[in-house]
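Q:
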Amino acid sequence: MTLYCTLGEMMIAALARTITNGELVFHGFGSPLAQLAMHVAKRTHAPQMVLIAGATYGVDPQPPFLTPTTNDWVVDRGASCSLDIEELFDLAAAGRMGRMFLSGLQIDKWGNCNVTALGGRRVTMKLPGGGGGGNLSCDAQHVTLWTPAHRSPPDAEGRRRFRLVERCDFITSFGHRDSEGRPRAAYGHVGRGPQFLVTELGLFDFDAEGHMRLAATYPDVSADEIQDNTGFVLRMSDSIGVIAPPCRTIVEMIRAMDPLRIHEKEIREQDLRRRFEIQAQKETA
Amino acid sequence: MPASPRPIYTDPDKRRGLDELAAMVPNGATVAIGGGLSSRAPMALLRAILRRGIKGLTAVGSAHGIDIDLLCAGGALVRSMESYVGFEQDFGLAPNFRRACESGAVEASDSCCYTLVQQLRAAIEGLPFMPIRSVRGTDFVALHPEYKVMTCPFTGDELLLAPAIEPDVALIHAQFGDAAGNLLIQGPPVADILFAKASKAVVATVEQIIPPSELRSLPGKNVPYFYVAALAEVPMGAHPTACYPFHAYDRAHMSLYHHAARQGPAAFKAHYLDLYVHGASTHEAYLDLIGGETICTRLQSWRDGEEAWMRLYDEEAQA
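If you're matching them up, the sequences are chains B and Y in order.
Start counting the first sequence at 5; every next residue gets the next number (our numbering).
Start counting the second sequence at 669; every next residue gets the next number (our numbering).
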């Protein structure tokens, strides 16, 4: 009998709940948590979502297992068809993509993400780059952000390197305001920007100004701990909720889809040990 | 820059040796590299290019990993306009690419997938640019002084104009080809078809050269022969990336590669570059070096069912 779920499974369930039935949803590469969340949503509350897999652009695939690489025929198995790269991005530019999942090594208070480089004019750390994030953050109707590395303990010299920062060193994907504070509406982009952020510490939404706001925490995390790990003053929702664990069916679904536990590669050692009691009842998201 | 009149290639027999293909990439060329991430990268051709000591290349493309990382380590690249260079969550950052960008040896002119698609489309259509609405508001605009912003004469909206990109050479590894240069790509074509049409020439390696009638009977996406300047039959030419249905991704080799790359430039040179690139003067010698038939058989075992396919990822985790 499955009685507990892991943090990864909690995050996957929280990400899945951000998906609406009937929307076209895309994940990029190197995103197993988002990838699994999409498969969970498709098999539970959002059977009519259009699931498009990153890198292969397969439509509604049913991969027999998750792999640590995204452009593999495993990931494309059972797809009803595959899109060309240009077709996928055209769909977004024309306003047909309902949701995209994005992450960053830095995420700022407006939901901008950086996966390009740390450092200013002089790059101190070159990151891989954002793939299509620079385009899709503007074009997708909604964006769900996630990071399993919100926690930022002090290093040996006592310095904090926050994941959630006041300001990104480089804006790879666009949030609600640019680096000068100019709002998204001024650009006339097709998409409406980040709607949620799911981290290993909490769930966030964005207020009318486009500023990040704490909406819910995990049962084992306090709002103070979240603020302490955040590089700017958090705004708080009127009532801070508690993130619900997934039901047993969903936990078992995730374990069946990811027998190699690929999604745990995203999660830090200390968070791999976190356990949450699960619901016996079927989830009604 | 307006697209120049572009050649077509009508030689009925374009079969050449791998080294002859590599010789068709001049110093300083802009190259588009086919495949993506862990799949169908033209690795044998890139190793041949590095052995020839070709320098000054600019790479354009979308999501890549070992191919661009190896070009950085081999000293062939001076500029990257890729949208992603890394090893996903599996191995993480691309160590040689990272060092090259941080030291300034390679200019990091990162781009975004759709921006590149539109720039290639402009070249394909013989237009100087294509507009996009996205990217404005990000820092890519500052990274690319060549982008322009205009007000749309029809709607009054602000648009970003990205100039045409016409690569000198597209380097592509496909499953099948015929002697005249028709290519057949099975599975996700990534940006290969766009690369083929936008570039001045395609130089290709294929798993098998087959008769044209057979090529036409197989499913997949075609690159018509007149885009292709030359091709060579190079079985396992994408190794260690995958080339289904012939073989899966060689995760053990990728792990060996990444481990060597993480140890720094000297260790990478000694334990990888001098061994697998400069130490194997031909592709056949490379295949012998990586384990020959044993490796081929192992990487074909994905066909034996899901358990066998999964094992390829599982057992390699220990490498």
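No residue lacks a Cβ here, since even glycine has one placed at the ideal position from N, Cα and C.
Quantities reported herein were computed from a predicted structural model and do not represent experimental measurements.
1) Rounded to whole angstroms, what is the Cα-Cα separation between G849 of chain Y and G703 of chain Y?
2) Is the shortest distance between the beta-carbon of E270 of chain B and the beta-carbons of chain Y less than 8 Å?
3) Who are the near neighbours of A987 of chain Y in its chain, counting only those whose CB is closer than 6 Å to its CB and skipping five residues on each side?
4) The beta strand (DSSP E) spanning P799 of chain Y covers which residue range?
5) Taking Cβ positions only, does L264 of chain B come closer than 8 Å to chain Y?
6) So that I know if they touch, is there some Cβ in chain B lying closer than 8 Å to that of A615 of chain Y?
7) Assuming L739 of chain Y contacts A727 of chain Y under a Cβ cut-off of 8 Å, what Cβ separation, rounded to an integer in Å, is found between them?
8) Per DSSP, A900 of chain Y is paired with what?
9) Just the C-alpha distance for P933 of chain Y and K130 of chain B, rounded to the nearest angstrom, thanks.
10) Does DSSP classify Y815 of chain Y as helix, strand or coil?
11) Given a limit of 8 Å on CB to CB distance, which residues of the stretch 87 to 107 of chain B reach chain Y?
12) Leaving out the 5 sequence neighbours to the left and right, which residues in its chain are closer than 6 Å to A20 of chain B when beta-carbon positions are compared?
13) Would the stretch 770 to 781 of chain Y and the stretch 739 to 756 of chain Y be scored as touching if the rule is three or more Cβ pairs under 8 Å?
14) What whole-angstrom Cβ distance do H180 of chain B and G192 of chain B have, given they're in contact under 8 Å?
15) So is M53 of chain B buried or exposed if we call it buried at 16+ other beta carbons inside 10 Å?
16) Could you check how far apart the C-beta atoms of Y677 of chain Y and V902 of chain Y are, in whole angstroms? I think they sit under 8 Å.
17) Roughly how many angstroms lie between the CA atoms of T819 of chain Y and L829 of chain Y, to the nearest whole one?
18) Going by the beta-carbon positions, is the gap between I853 of chain Y and G888 of chain Y smaller than 8 Å?
19) What beta strand (DSSP E) runs, 3 residues minimum, are completely inside the stretch 931 to 979 of chain Y?
20) So, at 6 Å on beta carbons, what are the nonlocal neighbours of M749 of chain Y in its own chain, with the 5 sequence-adjacent residues on each side left out?
21) Taking only three categories from DSSP, how would you classify D112 of chain B?
22) What does DSSP give as the partner residue(s) for C251 of chain B in the beta ladder?
23) If you follow the alpha helix (DSSP H) that C9 of chain B is in, where does it begin and where does it stop?
24) Examine chain Y for any beta-carbon lying closer than 8 Å to the beta-carbon of D159 of chain B, and answer yes or no.
25) What number of angstroms, rounded off, separates the C-alpha of Q145 of chain B from the C-alpha of N118 of chain B?
26) Given this structure, state the Cα-to-Cα distance separating L140 of chain B from D94 of chain B, to the nearest angstrom.
27) Check whether the Cβ atoms of A988 of chain Y and D735 of chain Y sit closer than 8 Å, and answer yes or no.
28) Rounded to the nearest angstrom, what separates L980 of chain Y and D918 of chain Y at their Cα positions?
29) Would the stretch 57 to 66 of chain B count as touching the stretch 77 to 93 of chain B if we require 3 or more Cβ pairs under 8 Å?
30) Could you run through the stretch 673 to 687 of chain Y and flag, in chain order, every residue whose CB is less than 8 Å away from some CB of chain B?
31) Which full runs of the alpha helix (DSSP H) of 4+ residues lie inside the stretch 701 to 751 of chain Y, going along the chain?
32) Would I175 of chain B pass as a contact of T806 of chain Y if the rule is Cβ separation under 8 Å?
33) Where does V785 of chain Y fall in DSSP's three states?
34) Out of Y:F822, Y:T823, Y:R804 and Y:G824, state which residue places its alpha-carbon closest to the alpha-carbon of K816 of chain Y.
35) In whole angstroms, give me the CA-to-CA distance for D679 of chain Y and D846 of chain Y.
36) When you compare the CB of Y917 of chain Y with every CB in chain B, is at least one pair closer than 8 Å?
A: Let's see:
1) What you label residue 849 of chain Y is simply residue 181 of the second sequence in a count that begins at 1. What you label residue 703 of chain Y is simply residue 35 of the second sequence in a count that begins at 1. Their Cα atoms are separated by approximately 18 Å.
2) Residue numbering aside, residue 270 of chain B sits at position 266 when the first sequence is read from its first letter. Interface residue, yes.
3) Residue numbering aside, residue 987 of chain Y sits at position 319 when the second sequence is read from its first letter. Since pLDDT at A987 of chain Y reaches only 43, below the 50 mark, its modelled position is unreliable, and the value read off the structure follows with that caveat. Hits under 6 Å: A920 and S923.
4) For the purposes of this step, residue 799 of chain Y is taken as the residue at position 131 of the second sequence. From DSSP, the beta strand (DSSP E) with P799 of chain Y extends over F797 to I800.
5) Within the first sequence, the letter at position 260 stands for residue 264 of chain B. Yes, because at least one Cβ of chain Y sits closer than 8 Å to the Cβ of L264 of chain B.
6) Because chain Y spans 669 through 987 in this model, residue 615 of chain Y falls outside it and cannot be assessed.
7) In the second sequence, the residue the question calls residue 739 of chain Y occupies position 71. In the second sequence, the residue the question calls residue 727 of chain Y occupies position 59. 7 Å between Cβ atoms; contact.
8) The residue given as residue 900 of chain Y occupies position 232 in the second sequence. Beta-bridge partners of A900 of chain Y (DSSP): Y:T873.
9) Here residue 933 of chain Y refers to the residue found at position 265 of the second sequence. Here residue 130 of chain B refers to the residue found at position 126 of the first sequence. Computed Cα separation, rounded: 16 Å.
10) Walking along the second sequence from the start, residue 815 of chain Y turns up at place 147. Coil.
11) When C-beta distances to chain Y are compared with 8 Å, the residues of the stretch 87 to 107 of chain B below that value are D88, I89, E90, F93, A96 and A97, in chain order.
12) For the purposes of this step, residue 20 of chain B is taken as residue 16 along the first sequence, with counting starting at 1. Closer than 6 Å at the Cβ level, and outside the excluded window around A20 of chain B, lie A41, V44 and A45.
13) Enough Cβ pairs lie closer than 8 Å, so yes.
14) For the purposes of this step, residue 180 of chain B is taken as the residue at position 176 of the first sequence. For the purposes of this step, residue 192 of chain B is taken as the residue at position 188 of the first sequence. Their Cβ separation, rounded to whole angstroms, is 14 Å, which puts H180 of chain B and G192 of chain B out of contact at 8 Å.
15) The residue given as residue 53 of chain B occupies position 49 in the first sequence. Under this definition M53 of chain B is a buried residue.
16) Here residue 677 of chain Y is taken as the residue at index 9 of the second sequence, counted from 1. Here residue 902 of chain Y is taken as the residue at index 234 of the second sequence, counted from 1. Wrong, their Cβ atoms sit about 19 Å apart, outside the cutoff.
17) As a first step, residue 819 of chain Y must be located in the second sequence, where it is residue number 151. As a first step, residue 829 of chain Y must be located in the second sequence, where it is residue number 161. Cα-Cα distance, rounded: 10 Å.
18) Numbered from 1 along the second sequence, position 185 holds the residue referred to as residue 853 of chain Y. Numbered from 1 along the second sequence, position 220 holds the residue referred to as residue 888 of chain Y. In terms of Cβ geometry, I853 of chain Y and G888 of chain Y form a close pair [threshold 8 Å].
19) List check, beta strand (DSSP E) in window: nothing returned.
20) Within the second sequence, residue 749 of chain Y is the residue found at index 81, counting from 1. Here the set comprises V728, S777 and S779.
21) Within the first sequence, numbered from 1, the residue matching residue 112 of chain B stands at position 108. Collapsing the DSSP output to three states places D112 of chain B in a strand.
22) Here the question's residue 251 of chain B lines up with position 247 in the first sequence. According to DSSP, C251 of chain B bridges with B:Q283.
23) The sequence position of residue 9 of chain B within the first sequence is 5, counting from 1. No alpha helix (DSSP H) holds C9 of chain B; the beta strand (DSSP E) holding it covers Y8 to T10.
24) As a first step, residue 159 of chain B must be located in the first sequence, where it is residue number 155. Closer than 8 Å: no.
25) Counting from 1 along the first sequence, the entry for residue 145 of chain B is found at position 141. Counting from 1 along the first sequence, the entry for residue 118 of chain B is found at position 114. C-alpha separation (whole angstroms): 20 Å.
26) As a first step, residue 140 of chain B must be located in the first sequence, where it is residue number 136. As a first step, residue 94 of chain B must be located in the first sequence, where it is residue number 90. Distance between the alpha carbons of L140 of chain B and D94 of chain B: 10 Å.
27) Nothing in the structure corresponds to residue 988 of chain Y, since chain Y is present only between 669 and 987.
28) Position 312 of the second sequence, counting from 1, holds the residue named residue 980 of chain Y. Position 250 of the second sequence, counting from 1, holds the residue named residue 918 of chain Y. Roughly 8 Å separates the two Cα atoms.
29) yes
30) none
31) Whole alpha helix (DSSP H) segments, 4+ residues: 711 to 719 and 734 to 741.
32) Start at 1 with the first residue of the first sequence, and residue 175 of chain B comes out as number 171. Start at 1 with the first residue of the second sequence, and residue 806 of chain Y comes out as number 138. Taking 8 Å as the Cβ cut-off, I175 of chain B and T806 of chain Y qualify as a contacting pair.
33) Counting from one through the second sequence, the residue named residue 785 of chain Y turns up at place 117. V785 of chain Y falls in the helix class under three-state DSSP.
34) For this step, residue 816 of chain Y is matched to residue 148 along the second sequence. Residue Y:R804 is the option with its Cα nearest to K816 of chain Y.
35) In the second sequence, counting from the first residue as 1, residue 679 of chain Y sits at position 11. In the second sequence, counting from the first residue as 1, residue 846 of chain Y sits at position 178. In a straight line, the C-alpha of D679 of chain Y is about 12 Å away from that of D846 of chain Y.
36) For the purposes of this step, residue 917 of chain Y is identified with residue 249 of the second sequence, where counting begins at 1. Yes, its Cβ sits closer than 8 Å to a Cβ of chain B.
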